[in-house]
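Structure record follows, encoded as structure tokens.
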């Protein structure tokens, strides 16, 4: 009996090589495999060519003992997976009477005769085990070839997913190494990827030297740096304990820049801080155009702390809806620290909330000047204990500047709330 | 000079082998390659292992003359693409002074010193051409090795995309086979995928029988059905002519449900309709929490028609900021047609715009009742020629309901504007 610790995935289908569709099945399969301690080493997408399917499978089998292939099991000429695998593994195809009966039965149940082309789906490589497909005509196939195992699964996700569940539960769980992977996602704001990497490097080295080494993947997304910590463990609680000490190390290194150790979003973190303190928040959004409040209200239960916000694009709206002084706008311009502060204070008063946020900036792509270039964003936060304001410069497209600005505003609110329980 | 008709794509990054992220870059690259007649033969995803990167590249080069690799060009230890490619192609890495200066300059512009690890990003394989990365520190690399070409590109999509554009325009267009694929994206609102499919089926059959058959891919996204029409042509104008007649067929079939034949977003279409008419718009957003106005302001130049909007979550805010009658709220509840109409009319008056939109609904996951279930959304549109209101029921998560509601509101505005030039 082989023991699997790594697998490869091959998705078959020319439509997956176009510019519109991705092989999303691999995410589902990977998640289920990781639960029983099997990692994915490589993923390949090949078109409807028997030669390419065989080449990809041969390459995968040279690296790992378990290959899961999806797609290309349909009834039409361009479904080549069965033929390619049968040839590569020298397992001639034979028509399987029981499979044929099941396929015919599915058509009968719908009151139609089986089209002759579906007969192809009853062809089974010699020595293969048939895997039941409760939701479609194409059965799966489990082929053992020495130490190697090749599993063929249909491509449509509704057919594939219950079959993956069954394989993991009934076969792979017993054949896996017994170890599983436990993951925690830590997120850091206000630092670049390089800065996080440099600061965390000594920790990585220590973690790698542990009995159960902790593996770290660093991922930069706009406005946040994610660290994915993964450890192998005999059971979940052992993994949790190992990761807890790594998280403590990171907390010490990154202090308030670390905003979650359970993969929460910035808006969830800010929402929890507000809800715990029974605070409310309102925003005066210029360049973000409502994105900040939309993100705040993505969190279920956010109506506990979001009452209202004002989107104030024009100067007039800042004056009329927030009471920002025309003199301030005239003297400093709309994108300035005094105006951001006045917006924050104005919306806080008019919405009668604990916290007020003012965001003003130049999202671009036009409207910049040498003094106030595209990407310049000023964020003010007004609270009962005082007002803060900060100017930043972001790069990227209009949508990216909006996203960065809303993330920075959330982070400014988060930092203003930390340690303020009143 | 090689002539390319097929390419392979290799995405490097262990995070792409987990259960959370897909290699979406390949869709963008494929689309641009198809425009110059280059098809993708296989796609591979490998982890941060120099051995696996080299294996995948060697295999790809055995099949095609052009390989584009994305990711693994960062400054950290687990960024192995440069090293793996340099070893496989026997092109030793040398530090490039000009690249190093550019990287340092990027940090200086942000007022910070370059972390020492970023020095790695200035390492260039012997004989490689450096591809400028206007949005990040990692330059791209173009490596010619006999008849084979290997292109290394950074993984973050905002950095990658302009670099792909430049490569296709400046290099690949000249090296491609001459036949190109011309694509047009048609978008339809207010119909399900099955309805679109059934209505378009007779057209598909006619198009497939043409001398240059038109290939159609149908893609359902939340709130919109996309039809991608693709045709092969000797030059762009020939393809354009073929597609124009197909687009005319679709216009006849789908009438006003077809909202773009050039792949524009709904917010761009609505923005153009507003700008052409010199109209302005304001929204009163309850369950969408600012998402509608944020989408409207994603469009460059939207300040021509967006002046301000109100996010009014609570009943009090609807009364105080929009003048919605407390009696209306008491009698009908916040999620009702009279309230949506009053919100639309109220924000139109208070923002002094041509169009006012009111959105009220139950985004969930809690807050639903048997009478007013989660996903119920009411949208009112107030215009000089009158007010319309419509109730819909969406399914999905909180974020999905918000998205559907904002898309429906944009579509309601679009339909209200069609044929109204005054």
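Chains as they are written, first to last, in this note's numbering: chain R, 2 to 423; chain Y, 2 to 423.
Glycine residues also receive a C-beta, built at the ideal position from the N, C-alpha and C atoms.
Where residue i meets chain R, residues with beta-carbon distance less than 8 angstroms
{"i": "residue 396 of chain Y", "result": "Chain R residues near residue 396 of chain Y: none, gap ~16 angstroms exceeds 8 angstroms."}
{"i": "residue 139 of chain Y", "result": "Simply none; closest approach about 11 angstroms."}
{"i": "residue 136 of chain Y", "result": "396, 397"}
Neighbouring residues, chain Y, relative to residue i (Cβ below 7 angstroms)
{"i": "residue 23 of chain R", "result": "23, 25, 28"}
{"i": "residue 322 of chain R", "result": "309"}
{"i": "residue 366 of chain R", "result": "301"}
{"i": "residue 399 of chain R", "result": "299, 301"}
Coarse secondary structure for residue i, derived from DSSP in three states
{"i": "residue 5 of chain R", "result": "strand"}
{"i": "residue 20 of chain Y", "result": "coil"}
{"i": "residue 96 of chain R", "result": "strand"}
{"i": "residue 215 of chain Y", "result": "coil"}
{"i": "residue 260 of chain Y", "result": "strand"}
{"i": "residue 144 of chain R", "result": "strand"}
{"i": "residue 279 of chain R", "result": "coil"}
{"i": "residue 373 of chain Y", "result": "coil"}
{"i": "residue 78 of chain Y", "result": "coil"}
{"i": "residue 84 of chain Y", "result": "helix"}
{"i": "residue 104 of chain Y", "result": "helix"}
{"i": "residue 118 of chain Y", "result": "helix"}
{"i": "residue 182 of chain Y", "result": "strand"}
Closest residue to residue i among the options (Cα-Cα distance)
{"i": "residue 254 of chain Y", "options": "Y/204, Y/325, Y/12", "result": "Y/204"}
{"i": "residue 151 of chain Y", "options": "Y/7, Y/353, Y/191, Y/252", "result": "Y/7"}
{"i": "residue 366 of chain R", "options": "R/388, R/386, R/398", "result": "R/398"}
{"i": "residue 412 of chain R", "options": "R/30, R/286, R/370, R/257", "result": "R/257"}
{"i": "residue 354 of chain R", "options": "R/72, R/66, R/275, R/158", "result": "R/275"}
{"i": "residue 361 of chain R", "options": "R/155, R/394, R/240", "result": "R/394"}
{"i": "residue 288 of chain R", "options": "Y/219, Y/300, Y/64, Y/282", "result": "Y/300"}
{"i": "residue 33 of chain Y", "options": "Y/171, Y/244, Y/410", "result": "Y/171"}
{"i": "residue 74 of chain R", "options": "R/141, R/236, R/198", "result": "R/141"}
{"i": "residue 316 of chain Y", "options": "Y/27, Y/286, Y/194", "result": "Y/286"}
{"i": "residue 41 of chain R", "options": "Y/77, Y/193, Y/48", "result": "Y/48"}
{"i": "residue 194 of chain R", "options": "Y/344, Y/331, Y/117", "result": "Y/117"}
{"i": "residue 122 of chain R", "options": "R/102, R/110, R/109", "result": "R/102"}
{"i": "residue 246 of chain Y", "options": "Y/214, Y/338, Y/313", "result": "Y/214"}
{"i": "residue 1 of chain R", "options": "R/389, R/208, R/266", "result": "Missing from the structure shown is residue 1 of chain R; chain R here goes from 2 to 423 and no further."}
DSSP bridge partner residues for residue i (one or two, in chain order)
{"i": "residue 366 of chain Y", "result": "Its beta-bridge partners do not exist; DSSP assigns none."}
{"i": "residue 357 of chain Y", "result": "Y/283, Y/383"}
{"i": "residue 319 of chain R", "result": "Residue 319 of chain R pairs with nothing; no bridge assigned."}
{"i": "residue 1 of chain Y", "result": "The structure shown has nothing for residue 1 of chain Y, since chain Y only spans 2 to 423."}
{"i": "residue 188 of chain Y", "result": "Y/227, Y/261"}
{"i": "residue 169 of chain Y", "result": "DSSP output for residue 169 of chain Y lists no bridge partner at all."}
Amino acids of chain Y, ordered along the chain, whose beta-carbon sits closer than 9 angstroms to that of residue i
{"i": "residue 314 of chain R", "result": "294, 298, 303, 304, 307, 308, 309, 310"}
{"i": "residue 35 of chain R", "result": "19, 20"}
Chain B within 8 angstroms of residue i, Cβ atoms only
{"i": "residue 195 of chain R", "result": "Of the protein chains in this structure, namely R and Y, none is chain B."}
Pair within 8 angstroms by beta-carbon distance, residue i and residue j
{"i": "residue 165 of chain Y", "j": "residue 37 of chain Y", "result": "no"}
{"i": "residue 228 of chain Y", "j": "residue 201 of chain Y", "result": "yes"}
{"i": "residue 5 of chain Y", "j": "residue 234 of chain Y", "result": "no"}
{"i": "residue 424 of chain R", "j": "residue 323 of chain R", "result": "No answer is possible for residue 424 of chain R: the residues shown for chain R start at 2 and end at 423."}
{"i": "residue 220 of chain Y", "j": "residue 31 of chain R", "result": "no"}
{"i": "residue 373 of chain Y", "j": "residue 336 of chain Y", "result": "yes"}
{"i": "residue 155 of chain Y", "j": "residue 137 of chain Y", "result": "yes"}
{"i": "residue 380 of chain Y", "j": "residue 417 of chain Y", "result": "no"}
{"i": "residue 95 of chain Y", "j": "residue 130 of chain Y", "result": "no"}
{"i": "residue 55 of chain Y", "j": "residue 85 of chain Y", "result": "yes"}
{"i": "residue 9 of chain Y", "j": "residue 64 of chain Y", "result": "yes"}
{"i": "residue 382 of chain R", "j": "residue 402 of chain R", "result": "no"}
{"i": "residue 189 of chain R", "j": "residue 262 of chain R", "result": "no"}
Neighbouring residues, chain Y, relative to residue i (Cβ below 8 angstroms)
{"i": "residue 43 of chain R", "result": "18, 45, 46, 47, 48, 53, 57"}
{"i": "residue 31 of chain R", "result": "18, 19, 20"}
{"i": "residue 318 of chain R", "result": "308, 309, 352"}
Chain-ordered chain R contacts of residue i [CB-CB under 9 angstroms]
{"i": "residue 290 of chain Y", "result": "291, 294, 295, 296, 297, 298, 299, 303, 307, 310"}
{"i": "residue 75 of chain Y", "result": "194, 195, 198, 219, 221"}
{"i": "residue 371 of chain Y", "result": "Near residue 371 of chain Y there are no residues of chain R at all, since even the closest Cβ is about 20 angstroms away, more than 9 angstroms."}
Chain-ordered chain R contacts of residue i [CB-CB under 7 angstroms]
{"i": "residue 71 of chain Y", "result": "Per Cβ cutoff of 7 angstroms: no residues; residue 71 of chain Y is ~14 angstroms from chain R at best."}
{"i": "residue 60 of chain Y", "result": "60"}
{"i": "residue 15 of chain Y", "result": "218"}
{"i": "residue 116 of chain Y", "result": "195, 196, 199"}
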